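One structure is given here, and the rest of the page talks about it.
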Amino acid sequence: MKSFTVALIGNPNVGKSAIFNELTGSSAHVGNWPGVTVEKKEGKFTYLDAQINVVDLPGIYSLSANSIDERIARDFIVKEKPDLVVCIVDSTNLVRNLYLFVSLKELGVKTLLVLNMIDLIEDKLEIDTTKLSNSLKTRVVKTSATKKIGIGELKEAIFDELHYPQEELYVDYGNDIERSIERIKNLLNGTNLPYNKRFLAIKLLEQDPLIIQELKQQQKENIVENAILEINSLEKIYPDLETEIIEKRYGLIEGVVKNSTKHLVSIEDRLT
Ligand code: GDP
Ligand code: K
1 MKSFTVALIG NPNVGKSAIF NELTGSSAHV GNWPGVTVEK KEGKFTYLDA
51 QINVVDLPGI YSLSANSIDE RIARDFIVKE KPDLVVCIVD STNLVRNLYL
101 FVSLKELGVK TLLVLNMIDL IEDKLEIDTT KLSNSLKTRV VKTSATKKIG
151 IGELKEAIFD ELHYPQEELY VDYGNDIERS IERIKNLLNG TNLPYNKRFL
201 AIKLLEQDPL IIQELKQQQK ENIVENAILE INSLEKIYPD LETEIIEKRY
251 GLIEGVVKNS TKHLVSIEDR LT
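Just so it is clear: in the sequence shown, position 149 is 149 by full-length UniProt numbering, and no numbers are missing.
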């Protein structure tokens, strides 16, 4: 039997535990992440000829390594290299929740997007999963973990995605920032960190402490210094570069969500 590892990720309270339980049933067991007291849940299910091991990552909002939970999640993804990262979002809060999803795509990992809590939007919001899927370059599945809707489809989608390559998704940061990204990427050519070069370059512009530390450990201080020079010159155009980068991600997300959703008028609203 072929064996695969799939990680579940999502913001807190999106129903990730509920999905985990539906997928893994009684096979689940709980341990700790190495060196910390954060709970690590693992379980498995089988689909056709595959055993699919499921690892539940901590609930987080971004991959910015600012908290233990974010570091655990990012380290697991880049170092353990799961075959697929399933990102669970709350369908009632798409824009905010998709920020983490876009960060995963920037990291260059294979993803699957789960729109959970679909029962809560039924007569309020229509989500065109085909459009969403095409724009975000990922397969999209709708679920309601508590109503047990879409779990079979989710298992099938996980199995399918494990067998196909996936297109990348790029956030366009605008000419000035893109030029800096390119220059930093070129400097990164001789390095071997387990991240893709574009992700590293963007994270350097965001002054990500873990990436800086890892480069210094590889005696690549010069790259960090060059990134600081890029930041200094970009800050003449964008005084708050960090916010500018975050807003570009939200810009992409807002466009995609607007284009693939429709707000429905409820019967009560129509009668009044
Ligand atoms: P986690 O923090 O992401 O692991 O979220 P949980 O699995 O603990 O779920 C958070 C809350 O949302 C719980 O009260 C769940 O019962 C509820 N919940 C989870 N999935 C759904 C869903 O699909 N629909 C609805 N209405 N509630 C859900
Ligand atoms: K919870």
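For every residue, glycine included, the Cβ atom is placed at its ideal position computed from N, Cα and C.
Everything numeric in this text was worked out from a predicted model, so none of it was measured.
Relative to the C-alpha of residue i, which candidate in the options has its C-alpha closest?
{"i": "Ile228", "options": "Gln207, Gln217 and Gly174", "result": "Gln207"}
{"i": "Phe101", "options": "Asp56, Thr24, Ala157 and Tyr61", "result": "Tyr61"}
{"i": "Leu204", "options": "Pro194, Thr92 and Glu225", "result": "Glu225"}
{"i": "Val54", "options": "Lys185, Leu169, Val38 and Cys87", "result": "Cys87"}
{"i": "Lys185", "options": "Asp172, Phe199, Glu235 and Asp176", "result": "Phe199"}
{"i": "Ser27", "options": "Glu42, Gly15, Phe76 and Gln218", "result": "Glu42"}
{"i": "Asn196", "options": "Ser91, Lys40, Leu104 and Gly174", "result": "Leu104"}
{"i": "Glu161", "options": "Arg179, Ile151, Arg139 and Asp75", "result": "Arg139"}
{"i": "Val38", "options": "Pro58, Gly25 and Tyr47", "result": "Pro58"}
{"i": "Ser260", "options": "Met117, Glu80 and Ser135", "result": "Ser135"}
{"i": "Val89", "options": "Met117, Phe76, Lys81 and Ala73", "result": "Met117"}
{"i": "Val265", "options": "Thr24, Glu126, Ile19 and Asn13", "result": "Glu126"}
By how many angstroms is the C-alpha of residue j removed from the C-alpha of residue i?
{"i": "Ala50", "j": "Val30", "result": "22 Å"}
{"i": "Ala65", "j": "Gln213", "result": "12 Å"}
{"i": "residue 302", "j": "Val95", "result": "Lying outside 1 to 272, the shown extent of the chain, residue 302 is not represented and no answer is given."}
{"i": "residue 340", "j": "Thr111", "result": "Since the first and last residues shown for the chain are 1 and 272, residue 340 lies out of range."}
{"i": "Leu113", "j": "Gln218", "result": "35 Å"}
{"i": "Asp172", "j": "Phe45", "result": "38 Å"}
{"i": "Leu107", "j": "Ile149", "result": "30 Å"}
{"i": "Asn232", "j": "Leu98", "result": "29 Å"}
{"i": "Ile245", "j": "Pro194", "result": "22 Å"}
{"i": "Arg179", "j": "Thr191", "result": "20 Å"}
{"i": "Arg183", "j": "Leu48", "result": "46 Å"}
Is it the case that the CB of residue i approaches a heavy atom of ligand 1 more closely than 7 Å?
{"i": "Gly152", "result": "no"}
{"i": "Ser67", "result": "no"}
{"i": "Met1", "result": "no"}
{"i": "Asn93", "result": "no"}
{"i": "Leu120", "result": "yes"}
{"i": "Ser17", "result": "yes"}
{"i": "Gly59", "result": "yes"}
May I ask you to check if the CB of residue i is nearer than 7 Å to at least one heavy atom of ligand 4?
{"i": "Pro12", "result": "Ligand 4 is not part of the structure shown, which contains ligand 1 and ligand 2 as its ligands."}
Quick check on DSSP: helix, strand or coil for residue i?
{"i": "Val36", "result": "coil"}
{"i": "Asp128", "result": "coil"}
{"i": "Ala28", "result": "coil"}
{"i": "Ile52", "result": "strand"}
{"i": "Lys262", "result": "strand"}
{"i": "Ser233", "result": "helix"}
{"i": "Ile118", "result": "helix"}
{"i": "Gly43", "result": "strand"}
{"i": "Lys2", "result": "strand"}
Inset, instruction - Specify whether the stretch 116-128 and the stretch 235-255 touch according to this definition: at least 3 beta carbon pairs, one from each stretch, less than 8 Å apart. - result: no
Inset, instruction - Flag this pair as touching only if the stretch 31-41 and the stretch 67-75 have three or more C-beta atom pairs under 8 Å; answer yes or no. - result: yes
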